[in-house]
Structures are given as structure tokens and as C-alpha cells.
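Top to bottom, those sequences are chains A and B.
So for the first sequence, this note's numbering puts the first residue at 801; every next one is plus one.
So for the second sequence, this note's numbering puts the first residue at 801; every next one is plus one.
For every residue, glycine included, the Cβ atom is placed at its ideal position computed from N, Cα and C.
These numbers come from a predicted model, not from an experiment.
Below is one structure; the comments refer to it alone.
Number of protein chains: 2
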Amino acid sequence: MATRKRPAGQQPVKRVTLADVAKLAGLSRTAASMILTGRPDTRLSEEAHTRVMAAAEQLGYRPNVAARSLRTERTQSIAFISDVVATTRYAMGLIRGALQAADERGHVMLVLETNGDPARETEAIKTALDRGVDGIIFAAMRAREIYVPDVPLGVLPVVMLNATSSRYPTSVLPDEEQGGRDAVRLLVEAGIRSGIALLGQSDEAEVGLFRSETVARRVHGIRAEMKRRRMAFVAEESCWNWEPDEGYRLTSKLLRRGLPIRALLCMNDRLAFGAYQALSEHGLSVPKDIAMVSFDNDELAAYLRPGLTTIALPHEAMGRRAVELLLDGKTGRETLVEMPVIMRGSL
Amino acid sequence: MATRKRPAGQQPVKRVTLADVAKLAGLSRTAASMILTGRPDTRLSEEAHTRVMAAAEQLGYRPNVAARSLRTERTQSIAFISDVVATTRYAMGLIRGALQAADERGHVMLVLETNGDPARETEAIKTALDRGVDGIIFAAMRAREIYVPDVPLGVLPVVMLNATSSRYPTSVLPDEEQGGRDAVRLLVEAGIRSGIALLGQSDEAEVGLFRSETVARRVHGIRAEMKRRRMAFVAEESCWNWEPDEGYRLTSKLLRRGLPIRALLCMNDRLAFGAYQALSEHGLSVPKDIAMVSFDNDELAAYLRPGLTTIALPHEAMGRRAVELLLDGKTGRETLVEMPVIMRGSL
DNA sequence: GCCTCTTGCTAAATCCATTTAGCACAGCCG
DNA sequence: CGGCTGTGCTAAATGGATTTAGCAAGAGGC
Chain A
801 MATRKRPAGQ QPVKRVTLAD VAKLAGLSRT AASMILTGRP DTRLSEEAHT RVMAAAEQLG
861 YRPNVAARSL RTERTQSIAF ISDVVATTRY AMGLIRGALQ AADERGHVML VLETNGDPAR
921 ETEAIKTALD RGVDGIIFAA MRAREIYVPD VPLGVLPVVM LNATSSRYPT SVLPDEEQGG
981 RDAVRLLVEA GIRSGIALLG QSDEAEVGLF RSETVARRVH GIRAEMKRRR MAFVAEESCW
1041 NWEPDEGYRL TSKLLRRGLP IRALLCMNDR LAFGAYQALS EHGLSVPKDI AMVSFDNDEL
1101 AAYLRPGLTT IALPHEAMGR RAVELLLDGK TGRETLVEMP VIMRGSL
Chain B
801 MATRKRPAGQ QPVKRVTLAD VAKLAGLSRT AASMILTGRP DTRLSEEAHT RVMAAAEQLG
861 YRPNVAARSL RTERTQSIAF ISDVVATTRY AMGLIRGALQ AADERGHVML VLETNGDPAR
921 ETEAIKTALD RGVDGIIFAA MRAREIYVPD VPLGVLPVVM LNATSSRYPT SVLPDEEQGG
981 RDAVRLLVEA GIRSGIALLG QSDEAEVGLF RSETVARRVH GIRAEMKRRR MAFVAEESCW
1041 NWEPDEGYRL TSKLLRRGLP IRALLCMNDR LAFGAYQALS EHGLSVPKDI AMVSFDNDEL
1101 AAYLRPGLTT IALPHEAMGR RAVELLLDGK TGRETLVEMP VIMRGSL
């Protein structure tokens, strides 16, 4: 029996290399490389360009990224390092926006998750550096100050997404201050200047101690706009956990107090969801009896009846912007992304 | 003024290479490489091992991934190519599970989004190949047959995640048949054998024409278990769009017909969400008047009052499993992942 | 006719790790 | 002593691109 070096059907399928293209075009690798990478000031003839392009096309040439980046130190890839990818529905928007912007610029995105563990963060950064990424995005799923481990990144651009860091000045955040103002403006434009209750703000939040940086700005925007218009809340119910349960509990409590409430301004949609449940139990209808305005534009907001009017967290736009800043070299300062007003039936 | 070639503070920060390690250890690059990659049958001395390890440690050596993969043809990276990353909250679980399993195996994950566009799919595959990934996961956010473009992948392992393909036999899917059976079993165990209405199933779904493959299995499991237990639905309301609006509409319609309904079996949680709203308006309470069982374990399910008992889509486990199959070379067949029963207050 | 400049192109070095092939030496056998 | 085996290690080739330095031929100037 003859020894079969290579199974019948299995072609060796050698990848097409630059050398192959050059040979077919009758030129040197140097020439082929320069033409294919679109170098500006080569003195290669029009004829040479045509031949190389044709050869590359004909052979279906794709450059070997590893070989290229070995030489160039750039990989056309970026790292998206985030604390938590799942758990919050917010995550997706950030990733998706970043992904699209990266793709448009011919970059791929490595996604790395750290669970907020400093050791894993350090490891993630090293991994990213090993792979020679062209830039790093540090993202937090709840906007906050992140401590970025002290790994020397050289001149690698870094953007903080939905996060801030004392080490890296470039960050992309939602314009919460404006969002806060808009919420109040919305109420006024609907003719409601009194009987507004605030749901969810907590003093601790304003201190920014535990909760997110940006929420403090949201609260600040709300208060500033209220003050500017010489308005005051009829009630404020504070809580830590902005979840439906709390919204339900606080709203029930509020209603029992018998205050003249005409609108609820909720710090997020999950609270508002809980509030809906409480209102429904009390036989109150939205927006006829009580109007609702909220923040985030959670998926929930569209599902409620009537739909919840809310100031959206522009996650996708933020992700996109982060990549734009990173790859277009516009780093250096804080960028605020407008929070769109999503009008639905609750106001 | 003297020309300053290099700005004062800016160190050149040359990366540590294998050659540096070898030199410090007083050995050849060959030896250093063999030791650091943990080759089994080298005859290098214990002493050599110690010296190389110490040198690598001391210099903080990290291998250059590009250089390595240029030689080895493996990159310790995989591609996660999916139709849509956002829009469905499901997505995250798949990505997150895959990410974790990849990380555990020392791999990084490239995430690529195609929006289901064949041209972009082809492009994504090429991009992945260019980067020399060690495997590809094709994921769909709604389980379904995907047409994978005919790009020759050679011997590259491929796993279909939450999807099937005629081209690639390895796929990871939720065990919908079992899930369907469990839903019925749950109702019976709660003492409900009659007065069950089915919400959302549509004949078109069973044909699998447009909707997902696996939903057909879900319906099949439900019907099989009903039949086995000699039970029948008191009503079936069909619709295409399994969204809260439809759940609301169908449930309202059902209630107006005055049937003796004791339980609602909903094809997904969003339908159930709408159903809750309708029940609430009709003054019916869950689970006292009407019990609810559903599918997916959407985030919503936990927010409802009472919490929605539901058969979960095990996205994270599926993502994890896909990577395990991919990297441990266990490809070849369909893997079903158990759908956990999430008991909450609605049953 | 000699020199310089421009044009069009290429040889060879380089990036860094992996891997093949094989060298030098020691010990053992007969 | 010659031949053989085993041990410990290394030189050099390799992978595929980019980039530096520079060659050869023709044009133009004086």
C-alpha cells in the first residue's frame, strides 16, 4: 500500500501571499506592498498600479494581519474592556455603537470583561497590550469613576466610556445635567408646575459616594431647573435601590399620605414601572390623574401602558462616539452626549 | 538650538523580547522559547528552566502575539459573529457566557455584527480569517437556520449558537421540547389540569416558516405533554408578534369571551407582560384567579408582581457551551442545553 | 562628454517567536 | 580506541508583510 502523504480531498489551501501577487503582476513585493497599502508618494507607474490591483483581485489576496502588525505595530483592532457585559440591558447599546463605529473604520473589537475585579482588569489590559490593540476603551455599565490599574500604556489612546478616571481625561458621558433640566421643562410644557413628586433621588446619590457620578448631575440638573422656574417638589421619596419594588413601595406610601400629586418624576424607568403598578392598584390612571416622566429609556418604558415618557440614556451614540474619539485622535477632554427626550403617552 | 530627536519625557519603551530574556538567562532564544512555551520533551536542564523563568519574570516579558501567531498559525482568539448584538436583551447572555468560557481558556473574543446582511456576513468571515482566529461561532439572537456564506474555512472549527446551518452540524440550542413539557408539568403539579389557555402559538410558527426553529419544538413539547396527560386547552390565541401589546389584546379578547380560564400559558414573557396588564384591568389577580406560566425568563419576568414563573432560555450556559465545544474540539453534533424552570409567584 | 536629477523600481533588512536540524561533549560498550 | 547513544543546547530557517537604502536608465544642463 502506497503511503499517502495527503488525504485525497484535503487540499493544502495555501493562503495567497503578497509574494504571489507580486509574481503574477511581474513586480517586486515592495512594489506590490506599496501599491496595495495605498502609499501616497511612491513613484510607481499607473501601469504598475493596475497590474498589482488586478493580480490581487484575481488571486483573492488578503493580507496576513499578523505579519503586517508584526512590522507596523498596529493591528486595526481595539479593546473594549468593561466591568460587566450582561446584567444590565444598557450594556448592549454601548457595545453595539462601539462595534459599528469600529467596523466603519475597519477595526475589529476585542471585548473583555472584568467584573470590576482589579486583578482581572490588570490582566485584561495586559492581554490587550499583548495583542497590540490600537486603543483601549474602558467602559462601565453604570457611569462612575473607575480606578484603572497602573499599567504603562505608552502612547496608546484611551477613552473612558460611561466612566471617568483620574488617569485618563478623555471620557464620554451622557449629558445628565441637560437631561435633568429637560425632564422639568417637559412637565412645565405639559402645564404642570406644581404637585410634582420626585421618586428615587437619594442624598447619598448626590454625594456621589457610592452611586454613579452622572446621576449626581442628573439630580443637579433637575434641582437647578426647578429653582430657575421657582418651582418646588410637593414630595421627595428617596431610596437606594432603583428597582420596581422600591418604586411600588414609595409610590404606595406617597399615595397614602393624600398629597395633591399631579405628576411623578422618577429617577429611572424601573422605579416608574413599580410606580405604575401602585397607581393601577389605587385606581389612578396615567396620565389623566397622574403624569409620569422618567429617565433611561429602558426597554420597559415602551411596554408600559401608556408608554412611558422618558429621557433616554444614549448608549449607542455614546459607544459610537467613544470609538470616534479613540480612532480619530480627538482625545483629551470630556464629551457629553445629548439625552434624547422620548415622548410616549405618560405625559 | 540643538535638535532634540526625542522629547524629554518620552521614553522609547522598547518592549521586552524573547531575545532579551534569553540574553539575561545566558541561553539561546531557542531554549528560552521552549521553556516558556512549556514544551514537554526538551532535554533542557532544571537549571536552564529556572534561569529562563527568572529572567522572564524579572523583565516582565510578554510574548508578542503577532510574531507568535505568524509562526504557529494560531492566535488564541475566536470570532463571535452574530446577526444582531443589541435589540434583544437575550444577546448579552450568549456573549457573556462565550466570553467567560473563552477567557478561561486563554482566548480573546472578537465580536462581529452583521445585521443579518449576507454581504456583511461574508465580510465578517473574511475579517475573522484574516485575523487567523482559531474558531468561529455563528450566533443568532433568535434561534433559526442561518445561511452561512460559502467561504472556505478549511479545517477551522465552527459552532452554530442558537442557530442551525446545513453547512455546519455543530449547534447549541435550548432544549425547547423539554421546556415545553416542563411548562405543562408545572401547571399540573399546581393542580391545574383544565381551563388552560395557550397564548401566542401561531400555526405559522409551527411550520417554522418564518419564526425560529426552536419555537416549533417548544410548541411541540407543549402539545406532546398535553396529549400524554390527556389534557386539552380551553382556548388558543394565536399571533405573530409576541409583544406586550398582543398579549394585552389577546388576553382582553379571551376574558370577554367568558371562558372558565384558570391559567394562561404564554409563549414568552413579553406576551405575559401584556396579559398581566389585561388581567389587572379586569380586576383579576395572579395567581389566585389566574395562574401564569411563560417562557424566556426575560428581565421583565422578575419585575412583574407577582413575579412571573417562567421556563428560562439559558443563554449564558449556551454561550459557554458553544465555546467549550469549539475549543475542546467536540464538534459534530447538536447540543441541547436544559431550560431551567424559574419559579416565581405567578403559579 | 560629464554631471546631476528624476523616474521607476527592487534587494535586503526588519519585526519576533517557533521549529528544524544538528553540533559538541560525555559516557558506555566491545 | 572506535563507534554508539544520550544529554544539553544552539544556529539558522521560517512565517508574511513593511520599510530603508539604493540601483539603473533616461532626461536635462552646461
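Alpha carbon to alpha carbon, how far is residue i from residue j?
| i | j | result |
| --- | --- | --- |
| B:Glu989 | A:Thr964 | 52 Å |
| A:Glu977 | B:Gly1047 | 37 Å |
| A:Ala832 | A:Leu870 | 18 Å |
| A:Phe938 | A:Leu894 | 11 Å |
| A:Asp1096 | A:Ile1142 | 10 Å |
| A:Ala898 | A:Gly954 | 23 Å |
| B:Leu1009 | A:Pro1106 | Reliability fails at B:Leu1009, whose pLDDT of 42 lies under 50, so the model's placement of it is uncertain and the value that follows must be treated cautiously. About 33 Å. |
| A:Lys1027 | A:Leu1127 | 41 Å |
| B:Gly906 | A:Arg896 | 24 Å |
| B:Ala1005 | B:Gly916 | With a pLDDT of 49 at B:Ala1005, under the threshold of 50, the predicted position of this residue should be treated as unreliable, and no value is reported. |
| B:Asn1068 | A:Asp1069 | 22 Å |
| A:Gly1145 | B:Ala924 | 41 Å |
| B:Ala822 | B:Val865 | 18 Å |
| A:Asp934 | B:Glu873 | 22 Å |
| B:Arg851 | B:Ala825 | 5 Å |
| A:Glu1134 | A:Val1019 | 19 Å |
| A:Ala1091 | A:Pro1114 | 23 Å |
| A:Val958 | A:Lys814 | 38 Å |
| A:Thr1131 | A:Asp841 | 29 Å |
| A:Leu1108 | A:Leu1100 | 8 Å |
| A:Gly932 | A:Asp1045 | 46 Å |
| A:Leu1059 | A:Glu1037 | 13 Å |
Check the C-beta distance from residue i over to residue j and give it rounded, since I have them as a contact under 8 Å.
| i | j | result |
| --- | --- | --- |
| B:Val774 | B:Arg1017 | Not covered by the structure: residue 774 of chain B. The range shown for chain B is 801 to 1147. |
| A:Glu921 | A:Thr914 | 5 Å |
| B:Ala997 | B:Val1034 | 6 Å |
| A:Met941 | A:Ala891 | 5 Å |
| A:Phe1073 | A:Leu1050 | About 12 Å; that fails the 8 Å criterion. |
| A:Leu783 | A:Ala1063 | The structure shown does not extend to residue 783 of chain A, since chain A is modelled only from 801 to 1147, so the question has no answer here. |
| B:Met909 | A:Leu859 | Between A:Leu859 and B:Met909 the Cβ distance is about 30 Å, and since that is not below 8 Å, they are no contact. |
May I ask which residues mark the beginning and end of the alpha helix (DSSP H) holding residue i?
| i | result |
| --- | --- |
| B:Asp1096 | Premise fails: B:Asp1096 lies in the beta strand (DSSP E), Ala1091 to Asp1096, not in any alpha helix (DSSP H). |
| A:Ala1024 | Glu1013 to Arg1028 |
| A:Gly980 | Glu976 to Glu989 |
| A:Glu921 | Pro918 to Asp930 |
| A:Glu835 | A small fix is needed here, since residue 835 of chain A is Ile in this sequence, not Glu. Arg829 to Leu836 is the span of the alpha helix (DSSP H), which, as asked, contains A:Ile835. |
| B:Leu961 | Per DSSP, B:Leu961 belongs to no alpha helix (DSSP H); it is in the beta strand (DSSP E), Val958 to Thr964. |
| B:Val852 | Glu846 to Leu859 |
| A:Ser1002 | Counting along the chain, A:Ser1002 falls outside any alpha helix (DSSP H), and DSSP gives it neither H nor E. |
| A:Glu1081 | Asp1069 to Glu1081 |
For the beta strand (DSSP E) containing residue i, list its first residue and its last residue.
| i | result |
| --- | --- |
| A:Leu1108 | Run containing A:Leu1108: none; DSSP gives neither H nor E here. |
| A:Pro1060 | Looking at the DSSP string, A:Pro1060 is not in any beta strand (DSSP E), and its letter there is neither H nor E. |
| B:Val1137 | Glu1134 to Val1137 |
| A:Gly1124 | Note that residue 1124 of chain A is Glu in the sequence shown here, rather than Gly. No beta strand (DSSP E) holds A:Glu1124; the alpha helix (DSSP H) holding it covers His1115 to Leu1127. |
| A:Pro949 | Where A:Pro949 is concerned, there is no enclosing beta strand (DSSP E), given that its DSSP letter is neither H nor E. |
| A:Met1143 | Careful: A:Met1143 lies outside any beta strand (DSSP E) and carries neither H nor E. |
| B:Ser877 | Ser877 to Ser882 |
| A:Glu873 | Careful: A:Glu873 lies outside any beta strand (DSSP E) and carries neither H nor E. |
| A:Val908 | Val908 to Glu913 |
Practice task
Note down, in chain order, all residues in the segment 1028-1051 of chain A with a beta-carbon under 9 Å from any beta-carbon belonging to chain B.
Solution key: Glu1043, Pro1044, Asp1045 and Tyr1048
Handout entry: Cβ contact (3+ pairs, closer than 8 Å) linking the segment 830-844 of chain A and the segment 873-882 of chain A
Key = no
Exercise for the section: For the segment 1067-1094 of chain B, enumerate the residues whose C-beta is nearer than 9 Å to any C-beta of chain A, in chain order. Expected result: Arg1070, Phe1073, Gly1074, Gln1077, Ser1080 and Glu1081
Practice task
Output, in sequence order along the chain, the residues in the segment 894-925 of chain A whose CB is closer than 8 Å to any CB in chain B.
Solution key: Ile895, Arg896, Leu899, Gln900, Asp903, Val908, Met909, Leu910, Val911, Leu912 and Glu913
Handout entry: Residues of the segment 928-948 of chain B whose Cβ lies closer than 9 Å to any Cβ of chain A, in chain order
Key = Ala928, Leu929, Asp930, Arg931 and Gly932
Exercise for the section: Give a yes or no on contact between the segment 968-977 of chain A and the segment 1106-1123 of chain A, applying the rule of three or more CB pairs nearer than 8 Å. Expected result: yes
Exercise for the section: Give the residues from the segment 825-841 of chain A that approach chain B closer than 9 Å (Cβ to any Cβ), ordered along the chain. Expected result: none
Practice task
Select from the segment 1092-1120 of chain A all residues with a C-beta closer than 8 Å to any C-beta belonging to chain B, and list them in chain order.
Solution key: Glu1099, Leu1100, Tyr1103, Arg1105 and Glu1116
Practice task
Compile a chain-ordered list of the residues in the segment 857-873 of chain B whose CB is closer than 8 Å to at least one CB of chain A.
Solution key: Arg862, Pro863, Asn864, Val865, Ala866, Ala867, Ser869 and Leu870
Practice task
Determine which residues of the segment 843-854 of chain A have a Cβ less than 8 Å from any Cβ of chain B, and write them out in chain order.
Solution key: none
Practice task
Pull out every residue of the segment 1134-1146 of chain B whose Cβ sits closer than 7 Å to any Cβ of chain A, in chain order.
Solution key: none
Practice task
Please list the residues of the segment 966-999 of chain A that have a C-beta atom closer than 7 Å to any C-beta atom in chain B, keeping them in chain order.
Solution key: none
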